[in-house]
Amino acid sequence: MSELVRTDHGLSFKPSSMDLREVDSFMNTEAPRIHDSFGGLSVQEDGYLVIPDHYKKLQPAIQSYVGKVGSLEHQTTREEWEALYDDLSAAEAKASKSDNGPLEVFNKMILKVGENSDAVDPWINLIPNSYGLCVVKAGFAILLKMAKKHSETRQAIFDAFIDVRGTIADAMSRGIHFQSHHSVYRRAGELYGSIVDAIQDLLAIVEYRKEKRSLGRRISRGKAPLRDPKEILKTVKDTADGFLKEVDNCRDAIIQKTGRDTQQTRGKVEFVCWKAIEIRDSVSRVQKGQDEQLSILKNVQQEQDVVGLRLSQCREQSTEGMREILRDQEKKYQATITKLEWIIRQQLPVGPDAYIPPVRHEGASKAVISLKRLVTILSSSFAGPAADYGTELDFDISQMRNNDLQAVMSSAATFHPVSQSQAHSALDHDRLFEWLHTDHPDFLFIDGNCQGNPTDSVSPMSLLCTRVGLTIANMEPENVFVHFYCGLHVDTRRNNWYGPDGMIRSILSQILTALVDKELLDMGFLNSRSFVKDLEYHDVHTLCDLLHDLVQQFDTDTTIYCFVDGVSKFDVDFRGAFASLKLILRRIQGITRDDNLKPKLKVLMTVPFRSSQRLRRTIEDECYISLSPHALGSKQLSQASVKSTTMNMWSNYQV
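Counting from 1348, one number per residue, gives the positions in the sequence shown under this note's numbering.
Here it is in structure tokens:
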């Protein structure tokens, strides 16, 4: 177990035997994979290569030599060690006088691999690790030491290993790394084994001769005959030549492969060049196309500016035309109000006005309510007979309608062109064409499916109702036109016309004003006090009955156009709004289906988006249309566009 040991220099770490074994195992297995300098091979084992261990053959001879020279148990003095070192140094110096001496070759083996990271020393490549290198070097040194008395053999050994070193250096000079190619690696291993075997055999020969001189003929003749030194060295030379030949073959194969790769690379480079030319041409064409598109866009921008200027002028002209129509309508309504005021004053309990001619009574009326009282009930948001309506009349009915029309017209510029085109598509619908040109009463309910904010007071469908209504009013001034925009009357505190009952009261007030203007009003049917009380309480059933009675007073040649926009604003449960709305819608549909109805009552109701299921169920299928949410076209709801479409529809109807 590892432990900390206190020494003179402080605490030091003393590893256990288990720690040392783990470190040794890691260094032997993993360190060579990290870097060549840790020994071993520079490549992974692939199943074909076997790490050579020939140096182990030399261990017995070296141990034997060391045992004979001196035992480790002998207490060698310092002078004896220095003498041994001097002898070894002298032997190495003598053998190293020539640059091509064999010790000079093996001296290179002790160089660290890290000193030359680009080219590893060839001898170190042949020997797998530093321990094997030391064993081989030691064996070679012992061989030279023991063969120093045989100069001829010694020189032959020198020459043989000089040739081997030259062969290895020649192979290295040809750019072939031993571990990079399997065949070269095998040949290098064989050369390494041949060197070790040669050293071992030569040591055996020298040892044999030494023993022969010392023992004479007593040596056993049963031993195997020793090989000739020349044959041994020739084997090393042949192995080195085979190694060099394999290096040449590998180099030639690499050159051929390099040639093929070069041809392929050249072909690919040429292909890339052609592709680059094509890309350049394509980029040029794209650039040219972009320039043309830019020129076209500039022209389009100029045309858009011109069209925008014309649209602005048309919008101003259209707005001015609508204002003129509104002024004419206001004059007519003002005349009607003046006449209505005159009629009401005639009913006041005061003396006749010298400037106003007396009213002609063609018969006594059976009405139990005066016109003043009726107008006051319809105009007030207060319900009940005890309500204080005041003594002054507030004839704001026509003014309210004109203000609503002006509010919708002023909002036209805020509507998105796509939404306007969506609303304009209603004019292309056959059902709307039928509603416009039928000679009978009709009811039509349209879901606009327009894009926009649901909280907006008005929508493109509001503008559609306004444009169509004013256009028809300009074409048919003799008829009656009623407008109500639910989105402009959603404030319960500041608006007298809030809610479904406010909607029906506004319609009744406008119908009543038109009857007075045409001098067709007959209040004789208001002969029931209970009916009047229900009117005072703004009972929806009673208000719808009053609408039916008032509409019936118009002649058969009159068409009443009633436009109600944004009905979905009252599709809420607050104060029973939806229940009242549901009743009013069904009653109005019933009025248009009355076979005895004299005038042509045409009611158009719109919803800017998609109505709810409960609201949709209150409408008959033949009275309902839903605009496509993906309407094509770019028509805007201008006066000219609506008038042109309406005129075309009218012309087609006449034909």
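All C-beta atoms, glycine included, are put in the ideal place defined by N, C-alpha and C.
Member of the options whose CA lies at the smallest distance from the CA of residue i
i, options, result
"residue 1768", "1892, 1856, 1942, 1808", "1808"
"residue 1763", "1982, 1953, 1906, 1637", "1982"
"residue 1594", "1962, 1857, 1535, 1821", "1535"
"residue 1975", "1883, 1620, 1765", "1765"
"residue 1326", "1731, 1803, 1780, 1730", "Nothing about residue 1326 can be read from this structure; the chain reaches only from 1348 to 2002."
"residue 1587", "1537, 1643, 1989", "1537"
"residue 1806", "1825, 1988, 1915, 1543", "1915"
"residue 1722", "1879, 1532, 1965, 1964", "1879"
"residue 1577", "1600, 1548, 1602, 1592", "1548"
"residue 1319", "1654, 1635, 1529", "Outside the displayed range of the chain (1348 to 2002) lies residue 1319, so it cannot be described from this structure."
"residue 1824", "1904, 1842, 1881", "1904"
"residue 1531", "1546, 1589, 1583", "1589"
"residue 1727", "1966, 1900, 1855", "1855"
"residue 1894", "1859, 1925, 1841", "1859"
"residue 1913", "1730, 1610, 1811, 1602", "1811"
"residue 1941", "1899, 1628, 1924", "1899"
"residue 1937", "1967, 1990, 1611", "1967"
"residue 1922", "1901, 1849, 1985", "1849"
"residue 1946", "1988, 1960, 1607, 1902", "1902"
Where the alpha helix (DSSP H) containing residue i begins and where it ends
i, result
"residue 1962", "1960-1963"
"residue 1809", "1807-1822"
"residue 1891", "1887-1898"
"residue 1793", "Looking at the DSSP string, residue 1793 is not in any alpha helix (DSSP H); the run it does join, the beta strand (DSSP E), is 1789-1794."
"residue 1921", "No alpha helix (DSSP H) holds residue 1921; DSSP gives it neither H nor E."
"residue 1966", "It is not in any alpha helix (DSSP H) - residue 1966 carries neither H nor E in the DSSP assignment."
Cβ distance (whole Å) where residue i is taken to contact residue j below 8 Å
i, j, result
"residue 1815", "residue 1909", "With a Cβ gap of about 12 Å, residue 1815 and residue 1909 do not count as contacting."
"residue 1772", "residue 1978", "4 Å"
"residue 2009", "residue 1927", "Only positions 1348 to 2002 of the chain appear in the structure, and residue 2009 is not among them; the question remains open."
"residue 1774", "residue 1939", "Between residue 1939 and residue 1774 the Cβ distance is about 21 Å, and since that is not below 8 Å, they are no contact."
"residue 1956", "residue 1847", "Not confirmed; about 19 Å, so no contact."
"residue 1844", "residue 1747", "7 Å"
"residue 1583", "residue 1542", "6 Å"
"residue 1932", "residue 1965", "5 Å"
"residue 1316", "residue 1962", "Here the chain covers residues 1348 to 2002 and nothing more, so residue 1316 does not appear."
"residue 1857", "residue 1935", "So it is not a contact: roughly 14 Å between Cβ atoms."
"residue 1730", "residue 1885", "4 Å"
"residue 1795", "residue 1770", "6 Å"
"residue 1930", "residue 1724", "In fact, because the Cβ distance is near 19 Å, the residues do not count as touching under 8 Å."
"residue 1580", "residue 1545", "7 Å"
"residue 1851", "residue 1897", "The pair is not a contact, with the Cβ atoms about 11 Å apart (cut-off 8 Å)."
Where the beta strand (DSSP E) containing residue i begins and where it ends
i, result
"residue 1839", "Neither: residue 1839 is in no beta strand (DSSP E) and is coded neither H nor E."
"residue 1947", "1947-1954"
"residue 1784", "Careful: residue 1784 lies outside any beta strand (DSSP E), inside the alpha helix (DSSP H) at 1777-1784."
"residue 1722", "Here residue 1722 belongs to no beta strand (DSSP E); instead the alpha helix (DSSP H) covers 1718-1726."
"residue 1768", "Run containing residue 1768: none in the beta strand (DSSP E); it sits in the alpha helix (DSSP H), 1764-1771."
"residue 1912", "1906-1912"
"residue 1973", "1971-1973"
Residue i at chain D interface by Cβ criterion, 9 Å
i, result
"residue 1651", "No chain D is part of this structure, which consists of one protein chain only."
With contact counted as at least three CB pairs below 8 Å, one residue from each stretch, are the stretch 1967-1982 and the stretch 1789-1797 in contact? In this structure the stretch 1967-1982 lies against the stretch 1789-1797, because at least three pairs of beta carbons, one per stretch, are closer than 8 Å.
Determine, using beta-carbon pairs with one atom in the stretch 1863-1880 and one in the stretch 1777-1789, whether at least three such pairs fall under 8 Å. The stretch 1863-1880 makes no contact with the stretch 1777-1789: fewer than 3 CB pairs, one atom from each, lie closer than 8 Å.
Under 8 Å: do the stretch 1869-1888 and the stretch 1949-1957 share three or more Cβ pairs, one atom per stretch? Taking 8 Å as the limit for Cβ pairs, the verdict is that the stretch 1949-1957 does not touch the stretch 1869-1888.
Check whether the stretch 1745-1757 touches the stretch 1810-1824, taking contact to mean three or more Cβ pairs, one atom from each stretch, closer than 8 Å. The stretch 1745-1757 and the stretch 1810-1824 touch, with no fewer than 3 CB-CB distances between them shorter than 8 Å.
So, do the stretch 1894-1909 and the stretch 1935-1950 have three or more beta carbon pairs nearer to each other than 8 Å? A contact exists between the stretch 1894-1909 and the stretch 1935-1950.
Quick check: the stretch 1713-1723 against the stretch 1824-1840, are there 3 or more CB pairs under 8 Å? Under the Cβ criterion (8 Å, minimum of three pairs), the stretch 1713-1723 does not count as touching the stretch 1824-1840.
Please list the segments of the alpha helix (DSSP H) lying wholly inside the stretch 1824-1879, counting only runs of 4 or more residues, in order along the chain. The stretch 1824-1879 contains these whole alpha helix (DSSP H) runs: 1846-1864.
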